[in-house]
Amino acid sequence: MDDHHDHSHLADTDLRVRALESLLAEKGLVDPAALDEIVDRYENKVGPRNGARVVAKAWTDPEFKKWLLEDATAAIGSLGYVGTQGADLVVLENTADVHNVTVCTLCSCYPWSVLGLPPAWYKSFPYRARLVKEPRPVLEEFGLTLASDVEVRVWDSTAELRYLVLPERPAGTDGMSEDELVDLVTRNSMIGTEKVASPAGDA
Amino acid sequence: MDGIHDMGGMDGFGPIPIETDEPVFHGEWEGRVYAMNTAIGAWGKWNIDAGRYGIEQMNPALYLASNYYERWLYRTSNMMVEHGLITQDELDGKEKPSGRDSQPLTAAQIFERQSKNRSARVDEEIAPKFKTGDTVLVRNIHPKGHTRVPRYARGRHGTIYRDHGVFIFPDTNALFQGKKPQHIYSVRFTAQELWDPDAPSPDSIYLDLWDDYLVSA
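Next up, the structure:
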């Protein structure tokens, strides 16, 4: 977590949240059942599986990949992934020579429509503070060491464009179908803090 | 504003707190805050830039001591009072709610409003001030209100990498002073220009910056 929390502090927050929900329901400003649906959408329906589908399709369909890199909003929209924090999408392709990684130093901008809500570390003070200044040591904390001649590109999401990294397709996946590839793609590989591992385990 | 939220380049926060198999929400209350924020946002009383500015105005010590969804709770509570959806006394539990003022939105209505209101792109023909390959200087400005130009890029030289088209300008929109549509560009800065002559030479940082933040160099 970002910070230090004792149990009583969070218990107090929990009570305040319950009181606020009662107040807003009583005033007709929110419907608790609608809140349940919103929570369910992000806990169970919209998540990095969407992004993994985009990546696997790009790996297996050169025409789709070309479209994705030229106009990610339209290409991703064609798969039905639209909506909040996904209005204007840009896809960044990782290669053997270029490694892209994304951050939001000012708040927590993240491509919700394809990755769901961001993990706590993405919103944490250390990640927001450090990635733009020392990306290589930060990536090493994720277990990713890059050669000195690889170009690291850090993307700070300061506007309403949302970035999705297209990771490199790992070795040993030549015969795999799009559906099988989806299972290999991790959330962090689409943020740029790791590579997709080869199924043989040697990537 | 030169606030605590503008963290890019700060030292001293320690290692990245990586969790394995972390839940979407750490505790039920986080989900309720997320959902209330979404449901209240759908009433359209304020825009996303004003919402971000609402968090930025937290006292820095409180900002640092709060977790992510506590900052949302602070913002949404305050803005509901500021925009007349609830009173401070109702929020503090000192006054009984005035009764049912409205019919709440359904989840379907909320999702529909969210996706409709979301894009900050503006469908207007406005000439760009710069083109791909131009060298630009980020203006060394310190607006007291909301801005999306981080301190670490101000006064630095970069290169226009890509023109994204015309978007709402957050500095005016956050203060309900108009959309002031203008171009946003991906601007490339070398790590050496931003941080240190000894930074790894191939590395670079890309920021999305609006015309008003940039001058020719």
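Those protein sequence lines, which keep their order, are chains A and F.
Once you know that position 46 of the first sequence is 45 in numbering that gives the first Met the number 0, the rest is easy, because the numbers rise by one and skip nothing.
Once you know that position 173 of the second sequence is 172 in numbering that gives the first Met the number 0, the rest is easy, because the numbers rise by one and skip nothing.
Glycine included, each C-beta is placed from N, C-alpha and C at the ideal position.
Since this is a predicted model, take the numbers as computed values, not measurements.
Nearest in C-alpha terms to F/K179, of all of F/V121, F/A216 and F/S203, is F/V121.
If you ignore the 5 residues before and after A/W120, its C-beta comes within less than 6 Å of the C-beta of Y126, all in its own chain and listed in chain order.
Residue range Q181 to T189 is occupied by the beta strand (DSSP E) that includes F/Y184. Put simply, the CB of A/K65 is far from chain F, with every gap to its CB atoms at 8 Å or more.
In the three-state DSSP reduction, F/Y52 falls in the helix class (H, G or I). Remark: C-beta atoms of A/T157 and A/P198 do not approach each other more closely than 8 Å. As the crow flies, the alpha-carbon of A/V184 is around 8 Å from that of A/A55.
At a beta-carbon threshold of 9 Å, the residues of chain A lying near F/W194 are V131, K132 and E133, ordered along the chain. A/V90 and F/I159 have their C-alpha atoms roughly 18 Å apart. Boundaries of the alpha helix (DSSP H) harbouring F/N172: P169 to N172, taken from the DSSP string.
Assignment of beta-bridge partners to A/N99 by DSSP yields A/R152. In the structure shown, A/T144 adopts coil according to DSSP, grouped into three states.
Residues of chain F whose Cβ lies closer than 8 Å to the Cβ of A/K122 are, in chain order, Y67.
Under DSSP, F/Y205 forms a beta bridge with A/W154 and F/R187.
Segment contact: the segment 91-98 of chain F against the segment 19-28 of chain A, three or more CB-CB distances shorter than 8 Å; contact assigned. One alpha carbon belongs to F/Q108, the other to F/Q56, and they sit about 30 Å apart. The beta carbon of F/E123 sits closer than 8 Å to the beta carbons of V165 and P180 from its chain, once the five residues preceding and following it are set aside; these are given in chain order. Beta-carbon to beta-carbon, A/A128 and F/M0 are separated by about 18 Å, too far to satisfy the 8 Å threshold.
Sequence-distant Cβ neighbours of A/N187 in its own chain, meaning closer than 6 Å and more than five residues away, are E193. For A/E92, there is no enclosing alpha helix (DSSP H); the enclosing beta strand (DSSP E) has its first and last residue at L88 to E92.
Residues of chain A with a Cβ closer than 8 Å to the Cβ of F/E94 do not exist; the shortest Cβ-Cβ separation is about 10 Å.
Distance between A/L163 and F/F24, taken at the CA atoms: about 22 Å. Where A/Y109 is concerned, there is no enclosing alpha helix (DSSP H), because DSSP gives it neither an H nor an E.
For A/T59, the enclosing alpha helix (DSSP H) stretches over residues P47 to T59. F/G132 counts as exposed, since fewer than 16 other beta carbons sit within 10 angstroms of its beta carbon. For A/R129, the uninterrupted alpha helix (DSSP H) run begins and ends at F124 to R129, by DSSP. At least 8 Å separates the beta-carbon of F/G53 from that of F/R31. At the C-beta level, F/W71 and A/D13 stay beyond 8 Å of one another. The Cβ atoms of A/Y41 and A/L88 do not sit closer than 8 Å to each other.
Less than 8 Å separates the beta-carbon of F/F168 from that of F/W209.
With respect to chain F, the C-beta atom of A/I37 has a partner C-beta closer than 8 Å.
Taking a 10 Å sphere around the C-beta of F/I140, we find fewer than 16 other C-beta atoms and assign the residue as exposed. Distance from the CA of F/T37 to the CA of F/P149, rounded to the nearest whole angstrom, comes to 26 Å. At a cut-off of 8 Å between beta-carbon atoms, A/V54 makes no contact with chain F.
Contact check between the segment 93-100 of chain A and the segment 55-73 of chain A: fewer than three CB pairs, one atom from each, fall below 8 Å, which does not count as touching.
Interface with chain F (8 Å Cβ-Cβ cutoff): A/R152 is included.
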